[in-house]
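So the sequence lines, in the order shown, correspond to chains A and B.
Heads up, the first sequence is in my numbering, so the first residue is 1 and it goes up one at a time.
Heads up, the second sequence is in my numbering, so the first residue is 339 and it goes up one at a time.
Positions of the beta carbon are idealized from the N, C-alpha and C atoms, including for glycine.
All of these numbers come straight from a predicted model, not from anything done at the bench.
Have a look at the structure below, then the notes.
Number of protein chains: 2
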Amino acid sequence: MEDVIKLSHGSGGIETLQLIKEITKDIKLRKVGRGTGLDELDDSALIPLGGENFLAVTVDSYTVNPIFFPGGDIGKLAATGTINDLAVMGAEPLAILDAIVVEEGFPKRDLQRVLDSFKEVLRSEGVALIGGDFKVMPKGSLDKIVISTVGVGIVRRENVILDSGLKVGDKIVVSGTIGDHGAVILAFQLGIDVSNLKSDCEPLIRIMRRVIEIGGVHAAKDPTRGGLLMALHEMAEKSHVTIVIDEAKIPIREEVRACCEMLGVDPLSLACEGRVVLGVDSEVANEIIGSLHDMGYKDATIIGEVKEVEPGLVLAKSLVGGLKILEPPIGEIVPRIC
Amino acid sequence: MEDVIKLSHGSGGIETLQLIKEITKDIKLRKVGRGTGLDELDDSALIPLGGENFLAVTVDSYTVNPIFFPGGDIGKLAATGTINDLAVMGAEPLAILDAIVVEEGFPKRDLQRVLDSFKEVLRSEGVALIGGDFKVMPKGSLDKIVISTVGVGIVRRENVILDSGLKVGDKIVVSGTIGDHGAVILAFQLGIDVSNLKSDCEPLIRIMRRVIEIGGVHAAKDPTRGGLLMALHEMAEKSHVTIVIDEAKIPIREEVRACCEMLGVDPLSLACEGRVVLGVDSEVANEIIGSLHDMGYKDATIIGEVKEVEPGLVLAKSLVGGLKILEPPIGEIVPRIC
Numbered sequence: 001m002e003d004v005i006k007l008s009h010g011s012g013g014i015e016t017l018q019l020i021k022e023i024t025k026d027i028k029l030r031k032v033g034r035g036t037g038l039d040e041l042d043d044s045a046l047i048p049l050g051g052e053n054f055l056a057v058t059v060d061s062y063t064v065n066p067i068f069f070p071g072g073d074i075g076k077l078a079a080t081g082t083i084n085d086l087a088v089m090g091a092e093p094l095a096i097l098d099a100i101v102v103e104e105g106f107p108k109r110d111l112q113r114v115l116d117s118f119k120e121v122l123r124s125e126g127v128a129l130i131g132g133d134f135k136v137m138p139k140g141s142l143d144k145i146v147i148s149t150v151g152v153g154i155v156r157r158e159n160v161i162l163d164s165g166l167k168v169g170d171k172i173v174v175s176g177t178i179g180d181h182g183a184v185i186l187a188f189q190l191g192i193d194v195s196n197l198k199s200d201c202e203p204l205i206r207i208m209r210r211v212i213e214i215g216g217v218h219a220a221k222d223p224t225r226g227g228l229l230m231a232l233h234e235m236a237e238k239s240h241v242t243i244v245i246d247e248a249k250i251p252i253r254e255e256v257r258a259c260c261e262m263l264g265v266d267p268l269s270l271a272c273e274g275r276v277v278l279g280v281d282s283e284v285a286n287e288i289i290g291s292l293h294d295m296g297y298k299d300a301t302i303i304g305e306v307k308e309v310e311p312g313l314v315l316a317k318s319l320v321g322g323l324k325i326l327e328p329p330i331g332e333i334v335p336r337i338c
Numbered sequence: 339m340e341d342v343i344k345l346s347h348g349s350g351g352i353e354t355l356q357l358i359k360e361i362t363k364d365i366k367l368r369k370v371g372r373g374t375g376l377d378e379l380d381d382s383a384l385i386p387l388g389g390e391n392f393l394a395v396t397v398d399s400y401t402v403n404p405i406f407f408p409g410g411d412i413g414k415l416a417a418t419g420t421i422n423d424l425a426v427m428g429a430e431p432l433a434i435l436d437a438i439v440v441e442e443g444f445p446k447r448d449l450q451r452v453l454d455s456f457k458e459v460l461r462s463e464g465v466a467l468i469g470g471d472f473k474v475m476p477k478g479s480l481d482k483i484v485i486s487t488v489g490v491g492i493v494r495r496e497n498v499i500l501d502s503g504l505k506v507g508d509k510i511v512v513s514g515t516i517g518d519h520g521a522v523i524l525a526f527q528l529g530i531d532v533s534n535l536k537s538d539c540e541p542l543i544r545i546m547r548r549v550i551e552i553g554g555v556h557a558a559k560d561p562t563r564g565g566l567l568m569a570l571h572e573m574a575e576k577s578h579v580t581i582v583i584d585e586a587k588i589p590i591r592e593e594v595r596a597c598c599e600m601l602g603v604d605p606l607s608l609a610c611e612g613r614v615v616l617g618v619d620s621e622v623a624n625e626i627i628g629s630l631h632d633m634g635y636k637d638a639t640i641i642g643e644v645k646e647v648e649p650g651l652v653l654a655k656s657l658v659g660g661l662k663i664l665e666p667p668i669g670e671i672v673p674r675i676c
């Protein structure tokens, strides 16, 4: 068997993390000064700017298939996903750059439509587009379009939120229903009617500003590839704690649940593109939930808490009593989900 | 005829510039504060950091075909090209992020080889890798690999070099032979023996540090897609000046010239990946050439000067006397050249 890259290496689950660690392990310069980088593998890297500010920088390549889907398109996703990677660090997005690669023969009206969605997100969130790149690959060498988006933001030291910040006793909060984006993409790829599904693709800046204002946010992550399950695993691993989840409390739309049951996939492994998982001080948990409800995020809820059992463990309360181990997502999950 | 994206839109010539201007014309937030961005379309965008420093940020997607070529590979190119986009702004590179998309089935040993080249450039130039992304596209939806590289650097206000900085009387300098990279890629794509050709792919940091130390550098650009010709046109256009070139003085390797003649392409439109075009004060021009020679860049030479004829014009001294207009590059040139 040849040693080749498989779809599972790009799933955002455990194989992706292992591959990234393997190919970067011999790099010595892994961060700038007292910033963060390859060791932390947070949603953005942080570069100290002197004084009390850090620069947050992130890049993602968006390959979603189909490029137009209920609730968004690759343009909206490429702007939103990158802005969210800044927001969950506690950063204020400042500027975006985008490198676009399209296939020869790609319709100009589709490019315009995708870019209109991209620009609309930037406009509504007040983020500047300051540069980029545009390449064309000959017909047959790329399926439609790939957009790589760079996000640059500023975060004050006191507002920096890392995956490693969870504390024993913290409550785990999700800001809305789980798996909507993943379900719509998966169903579409399998040719299933998705008229009752819609991606949750949405910027998280307003939510993050509000919860930072309240305070007591110890960790935050947008559960994209690998879904809620991978986000919880990364937070538990980096914070050296155990997360105990009450699965019955996880908000999942009936349509998403039905779709997952039909297709035999775990909704907890499906990407969200407009949700955040927070680890918050138990004293502010109810205030945060109340605030999110007031902002219209009526499905925001506490789904679990942080315990001191074993570093990196994610457990779920079993319906028949006791606790079961939730393994991190493995395998292909959904190709080209984002 | 359907309105679709053509290879020429990605050539780095006049069609690329027109398309980028068209798709970004309705964007209001085009820079951060008193920085630079979509209006300048320089090799990096600049974000003011307060005080005397600017942040330089750039992104490029590398799609070169073949991925391994004499003188380099897509990994070396992806690190070098981005570092050079920082260097020609006068910036010191600080950190790199890379978003890699590979095709399912891509050999792991090729990925390792590409990344080893990428990391070797970072190591030798002292630049940190602080983050990135890794995605996999199903077999048949991407030809091998695309690497999008983000560069972040710092530049002091007094060292900022813009394409718009040319002054009448400046000398135009190139640091070495022209078109080496483009010729090797083009020949390879056409199945021609390239054993006597080699890409010029190389970081420009040392050169840029030295010429900034000397002073009098008014404009700098690495002539990648669109080649020397497009770089001269962009500088002339943005600086509202005319550049007059003495074609006989442009250093072109005999092998590159022969290859271009055989294939009917203009070496001035072929990409370089380790050369810089400088506009320098005439008083320092000879000192800069001398320094470049001392550093081993023995082909560095003055190829022309800046005149006040008509904004945006590039002229060449004709061999039979008089001046001829050099039009900017148009058409496909070489697909997937970088």
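At what residues does the alpha helix (DSSP H) containing residue i begin and finish?
| i | result |
| --- | --- |
| B:A525 | 518-527 |
| B:L355 | 352-362 |
| B:G764 | Residue 764 of chain B cannot be examined here, being either before or after the span of chain B that is shown, 339 to 676. |
Can you give me the C-alpha to C-alpha distance between residue i and residue j, rounded to a whole angstrom?
| i | j | result |
| --- | --- | --- |
| B:L657 | B:Y400 | 38 Å |
| B:M633 | B:I530 | 33 Å |
| A:P267 | A:E261 | 9 Å |
| A:P66 | A:E103 | 15 Å |
| A:M1 | A:K135 | Residue confidence for A:M1 is low, a pLDDT of 44 falling below 50, so the modelled location carries little weight; the figure read from the coordinates is stated next. Distance between the alpha carbons of A:M1 and A:K135 is about 35 Å. |
| B:K363 | A:I14 | 42 Å |
| A:R275 | A:R206 | 12 Å |
| A:K28 | A:R34 | 14 Å |
| A:G140 | A:L97 | 27 Å |
| A:L77 | B:I550 | 41 Å |
| A:G10 | A:E332 | 8 Å |
| B:E643 | A:C272 | 56 Å |
| A:C259 | A:A183 | 7 Å |
| A:A99 | A:V59 | 10 Å |
| A:E202 | B:G470 | 22 Å |
Would you say residue i lies against chain B (beta-carbon separation less than 9 Å)?
| i | result |
| --- | --- |
| A:F106 | yes |
| A:G72 | no |
| A:M1 | Because the pLDDT of A:M1 is 44, which lies under 50, any placement of that residue in the model is unreliable, and the number read from its coordinates should be weighed accordingly. So no, A:M1 is outside the interface. |
| A:V32 | yes |
| A:N84 | no |
| A:I100 | yes |
| A:N65 | yes |
| A:L77 | no |
| A:P335 | yes |
| A:T36 | yes |
| A:I5 | yes |
Can you find a C-beta in chain A that's less than 9 Å from the C-beta of residue i?
| i | result |
| --- | --- |
| B:R547 | no |
| B:K505 | no |
| B:I510 | no |
| B:L528 | no |
| B:A433 | yes |
| B:L608 | no |
| B:A383 | yes |
| B:T396 | yes |
| B:D364 | yes |
| B:G428 | no |
With respect to the beta strand (DSSP E) encompassing residue i, which residues constitute its N-terminal and C-terminal limits?
| i | result |
| --- | --- |
| B:L661 | 661-663 |
| A:P48 | 45-48 |
| A:I303 | 301-307 |
| A:I172 | 171-174 |
| A:S314 | Rather than Ser, the amino acid found at residue 314 of chain A in this sequence is Val. Unbroken beta strand (DSSP E) run through A:V314: 313-317. |
Could you tell me if the beta carbon of residue i falls within a distance shorter than 8 Å of some heavy atom in the ligand GDP?
| i | result |
| --- | --- |
| A:Q189 | The model depicted lacks the ligand GDP and carries no ligand whatsoever. |
Name, going along the chain, the residues of the stretch 7-23 of chain A whose beta-carbon falls closer than 7 Å to a beta-carbon of chain B.
Taking 7 Å as the Cβ-Cβ cut-off, the stretch 7-23 of chain A approaches chain B at L7, H9, G10, T16, L19, I20, I23, given in chain order.
Let me know the alpha helix (DSSP H) ranges lying completely inside the stretch 391-433 of chain B, each 4 residues or longer, listed in chain order.
412-425
Output the residue ranges of the beta strand (DSSP E) runs that lie fully inside the stretch 255-280 of chain A and measure 3 residues or longer, sorted by chain position.
Counting only runs of 3 or more, we get 277-280.
Only counting runs of 4 or more residues, tell me where the alpha helix (DSSP H) segments fall wholly within the stretch 185-246 of chain A, in order along the chain.
Assignment of alpha helix (DSSP H) within the stretch 185-246 of chain A, counting only whole runs of 4 or more residues, yields 205-214, 227-239 in chain order.
Contact residues within the stretch 105-139 of chain A, judged by C-beta distance below 8 Å to chain B
G105, F106, P107, K108, R109, L111, Q112, L115, K119, L122, R123, G126, V127, A128, L129, I130, G131, G132, D133, F134, K135, V136, M137, P138
Segments assigned alpha helix (DSSP H), at least 4 residues, entirely inside the stretch 442-488 of chain B:
446-463
Counting only Cβ-Cβ distances shorter than 8 Å, please list the residues of the stretch 213-240 of chain A near chain B, keeping chain order.
none
Just by C-beta distance, which residues in the stretch 138-152 of chain A are closer than 8 Å to chain B?
P138, G140, S141, L142, D143, V146, S148, V150, V152
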